[in-house]
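Number of protein chains: 2
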Amino acid sequence: MLMERRPFLSHARCEPAVPGVVLDQNGQPMATQLPGERALTIYLDKREIVTLMTLGQNPEALVLGYLRNQRLIDDIRDIAELHVSWEVSVAAVSTYRGDAGERCEDLLLRRTVTSGCGQGTQFGNALERLQPLHDDGFRVARSTVFALLEQVRQLDTVYKRCGAVHGCVLADSERILHHVEDIGRNNAVDSISGLMWLEGRSGNGAGSRKLFYTTGRLTSEMVIKTVEMGIPVLISRSGTTERGLDIARHGGLTLIGRAWNERFLVFNGSERIDFTK
Amino acid sequence: MLMERRPFLSHARCEPAVPGVVLDQNGQPMATQLPGERALTIYLDKREIVTLMTLGQNPEALVLGYLRNQRLIDDIRDIAELHVSWEVSVAAVSTYRGDAGERCEDLLLRRTVTSGCGQGTQFGNALERLQPLHDDGFRVARSTVFALLEQVRQLDTVYKRCGAVHGCVLADSERILHHVEDIGRNNAVDSISGLMWLEGRSGNGAGSRKLFYTTGRLTSEMVIKTVEMGIPVLISRSGTTERGLDIARHGGLTLIGRAWNERFLVFNGSERIDFTK
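Chains as they are written, first to last, in our numbering: chain A, 1 to 277; chain B, 1001 to 1277.
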C-alpha cells in the first residue's frame, strides 16, 4: 500500500556525552561531561546539500526533518533510503526517482541564514507560502501548560548532565510524545518534524491539538516551522523576537514564552488558553 | 597612505527593541519589550551572498565581520563601500576590484551549516586552515575574570529589557572595549570581529592579550572564530561541546565556561590562569 511506504532507515544514534575533566575557579580538578558535536554531511541523490553539526541522538529524524522543513522533499514516500554513517560523517539519502539532488540546485542558491541556533537555513521564501493554522476549537487549560512544564523538568536530559544543548518536546494535552535534544535549536525542531513525518503526520492538520515546547528563543524560523507542522501552541522557556510575534499573528499560532516554574507569558493567541482551569 | 584606507560605511543602526503587550499566566495584561529581528541581504559586488537575520545594532560591523570570518574578503582595504539600507533590507558591499562576488561562487557552494545560534555558516574547511595561537606569555588573574563578569553584569543590555538575544564582549585586562548584542551568537561575534577589523586588528596577533566573553554556548565555530581573531581567552556563561574543546586544544585557546557569579570552569589552557590572584 502506497500510504504505508516508508524509507529504509539506518539507526545510527550515538552516545551524546563524553566524560572530561575541568578545573574550577580555585584550580581544583572536577569531572564533567561534554555534549558531542558531530559533522553530518547530507547527500541527496549523490548531491552534497549541507553539513549539519549535531549531537547525533536521532540523526535519521534530523535529516528527514531538515529535508522536509527546507522543502527539499515534499513527500516522505519519495525517499527510498536514508543511511547515516558516522565513520564518514555522511547521511546518504536516495529517492525513488533519483533526481531530487538536481531539483535542489536553484533552492541551494537562495539560502537564508537565519538567526537560529542550529542549522538556521531556509530555502526560498517560507513566509510567503505560510498557510495560517485552522482553528479546530482546540483549547488548553493553564494547568495543562503547568503539567507539561513539570514533565519537561523531570526528563532525564543531556542538558542536565552537560549543558550547552537545546531540547524540544512534542506533546498532547496528556503527555510527552517526543523529546529530542541537539546542539542547536533548529536541529531539535527538525528532528521532531522528521519523527512526525515518519508517523504520517504531515500536511494540513498534522500537528493538530498538539503542543510544542522548546528551550530555545522564538526567532522567526522557529515560529514558521511550528506553523508549518500544523501545531497550534508553541511554548518556550525563553522569549520571542518582534518578527517571531508577527509570524505567529499571521499564522494564528498561540505563542507562550518565559515558561517555567508555574509562570508564563502569552505573546499571541490567548483565545486558546483557558486561564480559569 | 594605503594602510589607513578604510571603506566608506553607512551608519544604519536601528532601534533594537519595540514595545508590546502580553498576558501573564493569570490572563493579566502587562507591558513588555521585544527585540527586533530584521532581514539583511548581503550583496558583494552586486552578487547576492546571504541573508542574515539581525537585531541591527551595528549592521556594518556585522557585515564586515561576516565577510571576514567566512573568508570572502581577505583585506579590509579591498572594500570601497558598505552601505546598509533598511528600506530594502540590503547591505551593498563593493570592492575596488569589483570581482569579489564572482570569486565567492565556489565557496558559496560549500557552506557548512553549523550548530551555532545565529548565522552558523562556514565556507570551506576552516579547521584545516586554523593557525594555533602564539603564546606571548599573557596571563590572566582569577580576579580579572571576576571583574570582567561583574562589568558585563552591569551593562545596560537589550537582554535585560527583552531577553531572547545573545551578547559578546571584547575586553582587555582592564576594561570592556566592545559590546554587541544580536539575535544569534554568531552575529554578535562577527560584529566584534568587524569592529576589530576596522581598527586594524587583524591577522596574526590581532586579538593579542584580549579576552572574549559570550553569553552563548561554545560550539565549534565559536571556538574557531576566537582563535582566528587571535584572542587567547574565551569565556562563556554557558558550556562547550566536545568538538569545541578539541579545537581549543588544537588552537592553544584558554576556554572558560559556566562563568557567572564568581564561579567558572576552565576547560582548556589553565596555564594562562593565575588562580592565586
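The beta carbon of each residue, even a glycine, is placed where N, CA and C say it ideally should be.
In its chain, beyond the 5 residues on either side, Pro16, Ala17, Leu55, Val158, Cys162, Ala164, Val165 and Ile183 have a beta carbon closer than 7 Å to the beta carbon of Pro35 (chain A). Taking 9 Å as the cut-off, the Cβ atoms of Gly244 (chain A) and Ser220 (chain A) count as close. Take the alpha-carbon of Met196 (chain A) and the one of His1011 (chain B): they are about 45 Å apart.
When Cβ-Cβ separations below 9 Å define contact, Arg71 (chain A) makes no contact with chain B. Within the stretch 157-217 of chain A, the runs of alpha helix (DSSP H) at least 4 residues long that lie entirely inside it are, in chain order, 158-162 and 185-198.
DSSP places Gln33 (chain A) in the strand class (E or B) of the three-state scheme. Per DSSP, Tyr1096 (chain B) lies in no beta strand (DSSP E) and is assigned neither H nor E.
With respect to chain B, the C-beta atom of Leu44 (chain A) has no partner C-beta closer than 9 Å.
Among the bridge pairs identified by DSSP, His1083 (chain B) is matched with B:Ala1092. The DSSP-derived three-state label of Met53 (chain A) is strand. Approximately 19 Å separates the beta-carbon atoms of Leu1148 (chain B) and Val1227 (chain B); this is outside 8 Å, ruling out the contact. In the DSSP assignment, Phe267 (chain A) falls within the unbroken beta strand (DSSP E) covering Arg263 to Asn268. Leaving aside the five residues that flank Cys1104 (chain B) on each side, the residues in its chain whose CB is nearer than 6 Å to its CB run, in chain order, Leu1072. Judged by DSSP in its simplified three-state form, Ala12 (chain A) adopts coil rather than helix or strand. Here the alpha carbons of Asn268 (chain A) and Ala1031 (chain B) stand approximately 13 Å from one another.
Membership of Ile1231 (chain B) in any beta strand (DSSP E) is not indicated, and neither H nor E is assigned to it by DSSP. Contact note: Thr1241 (chain B) reaches chain A through Leu34, Pro35, Gly36, Glu37, Ala164 and Ile183, using a C-beta cutoff of 8 Å and chain order. Taking the Cα of His1178 (chain B) as reference, the smallest distance to any Cα among B:Thr1214, B:Val1145, B:Lys1160 and B:Ser1143 is reached at B:Thr1214. Proximity of chain A to Asp1190 (chain B) at the Cβ level (cut-off 9 Å) is not reached, the minimal Cβ distance being about 11 Å. Within the model, the alpha-carbon separation for Gly1098 (chain B) versus Asn1187 (chain B) is close to 25 Å. Residue environment: Pro1029 (chain B) is assigned as exposed (fewer than 16 neighbouring CB atoms within 10 Å of its CB, all protein chains considered). As far as DSSP is concerned, Val1152 (chain B) takes part in no beta bridge.
DSSP places Leu1245 (chain B) outside any beta strand (DSSP E); the residue lies instead in the alpha helix (DSSP H), whose first and last residues are Glu1242 to Gly1251. By alpha-carbon distance to Thr51 (chain A), the top candidate from A:Ala39, A:Glu199, A:Phe8 and A:His250 is A:Ala39. Assigned with DSSP and collapsed to three states, Ser220 (chain A) falls in helix. Bounds of the alpha helix (DSSP H) holding Gly65 (chain A) are Pro59 to Asn69.
If you check the CB distance, Ala61 (chain A) and Asp190 (chain A) come in under 9 Å. Counting the other Cβ atoms within 10 Å of the Cβ of Lys225 (chain A) gives 16 or more, which makes it buried. Comparing C-alpha distances from Glu1150 (chain B) to each of B:Ile1176, B:Gly1137 and B:Asp1136 shows the shortest one belongs to B:Ile1176.
In the DSSP assignment, Asp1274 (chain B) is bridged to B:Ala1141.
Under DSSP, Asp24 (chain A) shares a beta bridge with B:Leu1265. In the three-state reduction of the DSSP assignment, Arg1258 (chain B) falls in the strand class, which pools E and B.
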